[in-house]
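Protein chains in written order, with this note's numbering: chain A, 34 to 204; chain B, 465 to 801.
Even glycine gets a Cβ: it sits at the ideal position worked out from N, Cα and C.
Owing to the predicted nature of the structure, the values given are computational and were not obtained by experimental measurement.
Since the structure comes first, as C-alpha cells, the remarks are kept for the end.
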C-alpha cells in the first residue's frame, strides 16, 4: 500500500505523470540542478531557525519544520510558481496533525528568496477535500499504466523534462 | 560538474578527508607530487596504469556512487568496480524482465538496436562517400541498406545477430576505402586485435561500452538484462546493446577523423605477442579525443536544447524506459548530421 506523502500531494496538483513515476521509484531528481538548489535553500536559508522547530513524522509523512508551541507548520519553497500545490501540501500536513489529535494548527509557506510568507488554514470543509486527494492519489499510483504528459510549456524546469519529451523525429 | 578522470600513470589513490589524493609513483618506487581531485568533480575513474588503492578508498567511492573501470596492459577492458545500485525501482525491473522473457517483445527491441546501429553506420559511410568523390562506398551502402531492410524479417535473435554480423562485416570492409592510405583493415580481428586499425576499434568500443554502462548506472534500468545480446553472462550486456547504436558515431567517426588529420599514425602502435596495442602517448590522445567527443553538444530536435553526446546515451535510456513502461514505442537514436 502506497503511503501518501507531502511530496506526492504536491505532485498530484502539478502533474499526474510525475506523481506516478515518483511513487513507482522512477526518479530523476538526482539529475536536476534545480532540485539541488532547493535542497541547498532548505539547509541554509534560515541558519538561525529556532531550536523549538522539530522535524516530525506522521503516518509516514515528514514535516520538516514544525513548531509545537505555536502549532505552526513551516514549509519552505524556492518560488511561488506552483503556489496552489504548495498550499495543498501544507493543508495535507495540517490534516495529518488534526487526524493525530492536534487541533487548531496553522501553516506558513515561506519563500525566502522572494522574502514573502503566506499563511495556510485547514477549515472543516477542507477535510473531505484533502481526503479526496488522498484517495485519488492511491488510485492513480496503483494503476498499471503511467499517465500521459501535460502541456509542454509547464514542463521546462521539471526534472522529468528530458524523460517525457525525448523522441526521434522523422525526416 | 562531474567529469570522468583517466589515470594513465602508476601511483597510489587514497581518501584524504573528502577528497581523492593521487600520488604518482615512478618505476624506481619514488613518490611524486600528489594531486588532489575534489570528489564533487569526479565522475568515473578509468584506470590504465597500475593503481594502488585500499578498501577505505573503495568504500568512499561506493558511497559517492563513483565507478572504477580497469584496463590491463594490453588495453583490454578487464572489469569495473560498480557501486551499490541507488536507483532501484521494482516496477521498472519487472517490466524490463517481462520484455526479455516474452520472445516477441524481446525481438522487437533487439531489432531496434540493430536498426539504430545500421542507420548510424550508413550516416558515417554516406558522409565519407559524399566528401570525396574518389572513394566509392556506394556498394557497401547499398548492401547495408538491403540488410537493414531485412531486419523486420528476423524472427528470432540468432537470425537477427546474423544480419547484424553481415552489416558489420560489410561496414568494416569499407574502412579501407576511408583510411586505406595509412592503415589496412584486413578483416576484423579481436582478442587480440592483429593490426593497428583493429586495435583502435577494439579500444574505442571498450570506451563506448563503459560510457554506456556508467550512464545506465544512473538510471533505473538493470544493466544485466539485455535484448539483443544474451543477458548477464560475463558482461553488463545492456551496455553492449546500447553501445551498438553509438559506436559508429562516437568511436568510428573519431578514428577516421584522427587518422585523416594524422593525429594517429602507424608509428603510434607496437606489435606484441598479445596483439597490436597503442603506445602510451597515442592512447592518451585517443582517450582525450573520445572525452572531447562526449562533451561536444548538438541541438536536440525534440527537446529544443543543446545536449552533449554523453547525454544522448542517457536520453536513449529514457526512451527505452518509456518503451518498457508501455508509454511510447522505442525508436533508436538516429544521427541526422
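Asked, Found
"With H, G and I counted as helix, E and B as strand and the rest as coil, what does DSSP make of residue 529(B)?", "coil"
"How many angstroms separate the CA atom of residue 614(B) from the CA atom of residue 608(B)?", "10 Å"
"For residue 143(A), name the three-state secondary structure that DSSP assigns.", "strand"
"Can you tell which of 661(B), 485(B), 641(B) and 670(B) has its C-alpha closest to the C-alpha of residue 540(B)?", "670(B)"
"Counting only beta-carbon atoms, is residue 556(B) nearer than 7 Å to chain A?", "yes"
"Give a yes or no on contact between the segment 103-117 of chain A and the segment 135-153 of chain A, applying the rule of three or more CB pairs nearer than 8 Å.", "yes"
"Kindly say whether residue 798(B), judged by its beta-carbon, lies nearer than 7 Å to any beta-carbon of chain A.", "yes"
"Which residue from 531(B), 574(B), 718(B) and 647(B) puts its Cα closest to that of residue 675(B)?", "531(B)"
"So what's residue 465(B) in DSSP terms, helix, strand or just coil?", "coil"
"Express the C-alpha separation of residue 779(B) and residue 533(B) in angstroms, rounding to a whole number.", "22 Å"
"Going by DSSP in three states, residue 490(B) sits in which element: helix, strand or coil?", "coil"
"If you check the beta carbons only, do residue 91(A) and residue 170(A) fall under 7 Å apart?", "no"
"Check distances from the C-beta atoms of the segment 168-185 of chain A to those of chain B and list, in chain order, the residues that come in under 7 Å.", "178 and 179"
"State yes or no: is the beta carbon of residue 58(A) nearer than 7 Å to at least one beta carbon in chain B?", "yes"
"Should residue 657(B) go down as buried or exposed, given a rule of 16 or more other Cβ atoms within 10 Å for buried?", "buried"
"Quick one: which chain A residues come within Cβ less than 9 Å of residue 792(B)?", "200"
"Whether or not the segment 148-155 of chain A and the segment 67-86 of chain A are in contact is what I'm after, with contact meaning three or more pairs of Cβ atoms, one per stretch, closer than 8 Å; do they touch?", "no"
"Would you decide whether residue 686(B) is buried or exposed? Buried here means 16 or more other CB atoms lie within 10 Å of its CB.", "buried"
"Closer than 7 Å by C-beta to residue 672(B): which residues in its own chain qualify, once you throw out the five before and the five after it? Chain order, please.", "707, 710, 711, 714 and 715"
"Are residue 796(B) and residue 579(B) touching if we call contact CB-CB under 7 Å?", "yes"
"Show which residues of chain A have a CB atom less than 7 Å away from the CB atom of residue 766(B).", "198, 199, 200 and 202"
"So residue 652(B) and residue 659(B) are in contact, right, with Cβ under 8 Å, and what is the actual spacing, rounded?", "So it is not a contact: roughly 10 Å between Cβ atoms."
"Thinking C-alpha only, which one of 765(B), 747(B), 625(B) and 586(B) is nearest residue 513(B)?", "747(B)"
"Kindly indicate the opening and closing residues of the beta strand (DSSP E) around residue 165(A).", "Note, residue 165(A): premise wrong, no beta strand (DSSP E); alpha helix (DSSP H) at 159-175."
"Just verifying my parser: in three-state terms, what is the DSSP assignment at residue 149(A)?", "strand"
"How many angstroms separate the CA atom of residue 465(B) from the CA atom of residue 799(B)?", "26 Å"
"Suppose contacts are defined by Cβ-Cβ distances below 7 Å. Is residue 555(B) in contact with residue 506(B) by that definition?", "no"
"Output the residue ranges of the alpha helix (DSSP H) runs that lie fully inside the segment 708-745 of chain B and measure 4 residues or longer, sorted by chain position.", "717-724"
"Can you tell me which of the three DSSP states residue 688(B) falls into?", "coil"
"From residue 132(A) to residue 38(A), what does the alpha carbon distance come to, in whole angstroms?", "15 Å"
"Output, in sequence order along the chain, the residues in the segment 665-688 of chain B whose CB is closer than 8 Å to any CB in chain E.", "You won't find chain E in this structure, because its protein chains are A and B."
"Quick one: is residue 782(B) near chain A, going by C-beta distance under 7 Å?", "yes"
"Shorter than 7 Å from the beta carbon of residue 604(B) to some beta carbon of chain A?", "no"
"With residue 96(A) as the anchor, note down where its beta strand (DSSP E) starts and where it stops.", "94-100"
"Please tell me whether residue 61(A) and residue 51(A) are closer than 7 Å, where the distance is taken between their beta carbons.", "no"
"Strictly under 7 Å for the Cβ-Cβ distance: is residue 795(B) near chain A by that measure?", "yes"
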